[in-house]
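What follows is a set of notes on a single structure, which appears directly below.
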Amino acid sequence: MSFKDSWPAFCLMVFAVASGQIGRLGQKYERGAAIGVRQIVVELTMLPAFGSLGGAIAVEYRWPWWAVIASGICAGWGGFGTFRLLASVGRSALQQAMGAKAEPPLQ
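In structure tokens, the structure reads:
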């Protein structure tokens with residue numbers, strides 16, 4: 000499959016991730032917390048990573064448009080917490096496979 004055929008999935012994923020990020024920042028603003036330039040820069044640096052990875056997965060497995068939007072919004076809302084969750088799950092699965100006692104998830 001060429002990029003010419005898959006660009007809508009990448010664009011839709013980037014849109015969905017940005018929507019989730021805006022929603023998270025909006026909730027933070029409503030709670031009265033300050034949103035600084037540094038946080039906005041971090042959000043912008045996450046956008047290409049989530050968009051490209053999520054778009055590639057969506058194209059590879061031929062996800063429907065609604066699954067692309069739902070997963071993108073969740074990734075944008077979760078932010079780096081998504082990576083922490085995946086690392087914790089991966090570590091637990093590896094420890095169970097090796098027969099070690101699983102540690103509690105990251106706090």
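Numbered according to numbering that gives the first Met the number 0, the sequence shown spans residues 0 to 106.
The beta-carbon is built from N, C-alpha and C at its ideal position, and this holds for glycine as well.
ask   = Where do the N-terminal and C-terminal ends of the alpha helix (DSSP H) with residue 110 fall, by residue?
value = Because the chain here runs from 0 to 106, residue 110 falls outside it and cannot be looked at.
query = Does the separation of the CB atoms of residue 68 and residue 9 fall below 9 Å?
reply = no
inquiry  = Output needed for residue 92: all residues of its chain with C-beta closer than 8 Å, excluding positions within five of it in sequence on either side, in chain order.
reply    = none
ask   = For residue 45 versus residue 71, is the C-beta distance shorter than 9 Å?
value = no
inquiry  = In this structure, how does DSSP classify residue 78 when only helix, strand and coil are distinguished?
reply    = coil
inquiry  = What would DSSP say about residue 89, mapped onto helix, strand or coil?
reply    = helix
task = For residue 63, name the three-state secondary structure that DSSP assigns.
result = coil
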